[in-house]
Structures are given as structure tokens and as C-alpha cells.
Amino acid sequence: MTLASTVVGSLGMAAMNLPQRAPRALVPTHVTARGLTVTRGGERLLFRDLSFEVPPGSVLLLRGPNGVGKSTLLMALAGIVRPDTGTIEGIARDGVHIVNYQSGLKPRLTVAENLEFWRAVNGPSGLPVAAALEQVGIGKLAELEAGYLSSGQLRRLALGRLLVSVRPVWLLDEPSAALDAAGETLLALLIDAHRAAGGLAIIATHHDLLLGDEATIETLLLGEAA
Amino acid sequence: MKAFQALISRDLKLAFRAGGEAMTLVLFFIMVGVIVPIAIGPDRPQLTRLAPGIVWIAAFLSMLLGLDRLFRSDDEDGSLVLLRHSVLPLEAVVAAKVIAHWLVTALPLLFATPVLALLLSMSWEQWGRTVLALLIGTPALVSFGALGAAVTVGLRRGGLIAPVLILPLCIPIMIFGVGMLDPMAGGGATLFLIALSLVVTAFSPLAAALALRAAGE
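So the sequence lines, in the order shown, correspond to chains A and B. Take the first sequence: its letters are residues 1275 to 1500, numbered as in this note's numbering. Take the second sequence: its letters are residues 15 to 231, numbered as in this note's numbering.
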């Protein structure tokens, strides 16, 4: 507890800069899933008749043991995996950010070029690249090829993608993987600022994310009912 | 439009930076041109007669070589999933990647044709026709290639399956492409090649995007 508060204290400067991060306003959305059933590989049932709601400004945490379908549920929400039954509402194709174990980054491009690419492709509605890199704490590495980054720095760069384009829905799969303590605090600050702006996040994780405002955090435990 | 340009310029940067794969394809293209005269023997009239076919075979093989990396690396690092949520529809993403792929793999071949013309003792007039035929035909080859690459992107070792898949589709391009180089032929082959190339280039992004969506499942 004391350790966590010292970390927050040392990051105070970054924290104060966060709330003003969205030059273009975010259009809040309300995500609803009803009666989702997803099987993988033709026969393996992951979950049946799953329903939940995520209002703007809140977080849904997906928890459960390995292989229970947390990532698959996120992929279903993203529209990559088609559910067998059920409907998902409130997630526009270009209104969602995905962060998972794959970075979507090219080792041969510089850090800035990588982020510049995603900013152009996802719509330059958020921070300029330099400011986003500064915010995720790798501003000094902008001209370095991404192949030289550590996995924690790569993860920070992937998080930078969330900042350069404003999108209401964040689907995060183990977003704190490879991050150090300061990185975990940064992640929590980013998510909280996103919620404050009216966004929502659905997060699959085994870790505690140090998020504020517990009242708007729901937890969905997968694998219990099955 | 900015997103479209960003896609093309990223793929160009990746191709010309440090990897140098674009040059490999050109070298392969020239290599075929070097080997064939040695294998056939120093019979100049015969070489001249065979030259159009050899040029097309060389172009076709080097296109097949470069095929696999069209979507593979984007699939492996997760870019492909993210690109499905870009401001562009997936069809436009594929179109941008096909254009970039043509610029990287086909355009350099056109610049290498004088070397082949020399090795195969082509006349300048024949060389001119070859460049024109490749200019018209290679977009179709790349487009069919994109289709094959998209269908096999989910297969870990799909590198050799895509060429086998698209081979039958590419035969008409070869027929009309070589037909265009025949000095005795009229303009029919040229028109057919143009029509083929336009249709394939227009429809392949749609089909390839469909295949990519299915592969994501």
C-alpha cells in the first residue's frame, strides 16, 4: 500500500498532465452483450449465454483461469471472432482500440514512425506523436528503431497507440504484462483518464490494475458457471 | 486518404530498409535470364525466339517468391487485426498493400529488363514490347498473388501453397502476356491482357479482404 502510494507520488507530474489529453472529444458509447456463446475449434465450448453491460466511464475486468476464453471474448467483442449466438452492441469497427500480446509494431521502423503510422491509419484524433511518446515515458527513444526496445518499452509504445487516436472502447488483454511498477501506475492513470473522458475499457488481466473509482469497476468471472 | 498513403509508405520503407528484399527479387529475375542461355546453348536465333517466354517465366517466378511476405509479417505481429479497425475498410487496406507490393516487387523488374534483353539477345523493339507487356500484366499477377497470400495467411507454413493455388489463375496472364510479345500477333492479346489486368486488380482486394476476415476466426 505504501509502496503504491510512493510510486504514485513520484509520478505526480505525469498524473497532472493526463486529464487534458483529448483534443477531439470522445463520443461515449454503451457496450451491451447479450447471450454470447462462443466455441473454438468447432467443438470446445468456452462460454454460453454470457450477457453484460458496460456503460461509459466504467471498466469491466475479465477474470478467470488460463484458457477460459478471456482473450477470445475480447476478440469476439472486437468482431474478429464470430460468436455462435448472441449480439454485441455499441462497438463500432473504427471505435475500438485493441492492446494484446501482439504489438503491431515493426522492429525496422523507428519508435516515432511506428506511432505515426498508427496515428494516420486509426485517425489522427488524439495527441501528436511526440506528446504521446512523452506521456508513455519513451519520448527520448523516438528516433530509435523499435527492434531495440525492451519488451516493457514495446508495451509502452503499444499503449501510445491508445493516445494518438481517440476511441471510446478499449479492449485490453493483459495490458500490464512486461510493465514495471511505474508502468503499471501509468497504465492505471491512462485508463482512469480515458474513463473520465467518457470512454470505457474491457480488460482481461490476472493483475491488480491500481485503478481509481472502484464503484464503476465490474468484474466478470469466467469459467465458474461452465 | 492519408491513411491509405501511410500504409503504402510504411510498406515501402519496410521493403527498402535494411531487409533489402526488393533487390533479392531483381537478382533472382536476372539470374533466370543468366541461366537459361547457358542451359540452352549459344544459339542466338533460338534465344531470341524463346526470349518472351523466358522473360515472363522469370517475372512470374520472382513474383511468386515475394508473395508470402505480403500479409505474413502483418499477421504475425498483430498488425492485421489492428488494421481491421482502421479508419479504412479492410478492402482499402488490402488495395494499399497490393499497390505497395507492386511498387516493391514488380516495378524494379521493369528496370532490370534491359539486362535480360541483352542476355537473351532481344532487339530493342522486342524489349520495348516486353516492358509494356510486363507493365500491363504484373498488376494482375500481384493481385492474384494477394488473393493466394490472403487465403494462406493463417497457415504457418503456407509459403509454398499460395503459388500452387494461384498458378492456374495466372495462366491466362502468361498466355496473353507472351502473345503480346509475338511480333506476328495483332492487338488482340494486348487488349485481352489489359482487360484481364483491370478486372483482376479491381476485384482482388474484395476477395482478399474476405479471405483475411475468414482467416482471423
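The beta-carbon is built from N, C-alpha and C at its ideal position, and this holds for glycine as well. As the structure is a computational prediction, the values presented were derived from the model and not from experiment.
Assigned with DSSP and collapsed to three states, T1306(A) falls in strand. Residue T1490(A) holds the alpha-carbon nearest to the alpha-carbon of P1329(A) among L1494(A), T1490(A) and L1495(A). Rounded to the nearest angstrom, the Cβ distance from W116(B) to G191(B) is 15 Å, too far for a contact under 8 Å. If you compare the alpha carbons of A147(B), R31(B) and M198(B) with that of E1419(A), the shortest gap goes to R31(B). Looking at the backbone, the Cα of V1301(A) and that of I1365(A) are separated by about 12 Å. The CB of R31(B) comes closer than 7 Å to the CB of R1382 in chain A, given here in chain order. Secondary structure note for A1475(A): its beta strand (DSSP E) is the uninterrupted segment L1474 to A1478.
For D91(B), the chain A residues whose C-beta falls within less than 8 Å of its own C-beta are Q1376, S1377, G1378, L1379 and K1380, listed in chain order.
Chain A has a Cβ within less than 8 Å of the Cβ of H99(B). Against chain A, a Cβ distance below 7 Å from A17(B) picks out A1394 and V1395. Under the three-state reduction of DSSP output, V129(B) falls in the helix class. Here A222(B) has V108, A160, L161 and A164 as same chain residues with Cβ atoms under 7 Å from its own Cβ, once five neighbours each way along the sequence are excluded.
R86(B) is outside the set of residues whose beta carbon lies under 8 Å from a beta carbon in chain A. For R98(B), there is no enclosing beta strand (DSSP E), as DSSP gives it neither H nor E. Per DSSP, the unbroken alpha helix (DSSP H) holding T62(B) starts and ends at R58 to L81. A residue is called buried once 16 or more other Cβ atoms fall within 10 Å of its Cβ, and A53(B), having fewer, is exposed.
Per the DSSP secondary-structure output, D1487(A) pairs with nothing in a beta bridge. When secondary structure is reduced to three states using DSSP, R1337(A) falls in the strand class. Cβ contact annotation for G1486(A) (same chain, cutoff 7 Å, sequence separation greater than five): D1466, in chain order. Shortest Cα-Cα distance from A1470(A) to any of F1391(A), V1333(A) and G1315(A) involves V1333(A). Put simply, the stretch 214 to 231 of chain B touches the stretch 98 to 112 of chain B. At least three CB pairs are less than 8 Å apart.
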